[in-house]
Amino acid sequence: MSEEEQHLRECEAYIQTHRIQRLMKDCIVQLCISRPENPIVFLRQYFQKLERYFDVMLKVV
């Protein structure tokens, strides 16, 4: 296996482990539903809320 293939496999594993595809899909769905005037601000706020949610959930567990 080449170094590039190894790097690609590690990247795919990271994406699966952290459920990045689901996270991005949910974000894009919310973006399309909201259709904000400024999508960059929306995305920043979306991820800030998500981060706070996970911070709270980690403290509960």
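Residue numbers for the sequence shown, in UniProt numbering: 1 to 61. No residue lacks a Cβ here, since even glycine has one placed at the ideal position from N, Cα and C.
**Q.** Through-space distance from Arg9 to Gln21, alpha-carbon basis
**A.** The residue labelled residue 21 in the question sits at position 21 within the sequence shown. The residue labelled residue 9 in the question sits at position 9 within the sequence shown. About 15 angstroms.
**Q.** Within the segment 7–53, ranges of the beta strand (DSSP E) (whole runs, at least 3 residues)
**A.** If we require 3 residues or more, the segment 7–53 turns out to have no beta strand (DSSP E) run fully inside it.
Q) Are Pro39 and Leu50 touching if we call contact CB-CB under 8 angstroms? A) Stepping through the sequence shown from its first residue, residue 39 is reached at position 39. Stepping through the sequence shown from its first residue, residue 50 is reached at position 50. Between Pro39 and Leu50, the CB-CB gap reaches or exceeds 8 angstroms.
Q: Would you identify the three-state DSSP class for Met1, choosing helix, strand or coil?
A: Here residue 1 refers to the residue found at position 1 when the sequence shown is read from its first residue. It is coil, neither helix nor strand.
Q.
If the criterion is Cβ atoms closer than 8 angstroms, does the pair Ser34 and Phe42 meet it?
A. Against the sequence shown, residue 34 aligns to sequence position 34. Against the sequence shown, residue 42 aligns to sequence position 42. Contact flag set, yes.
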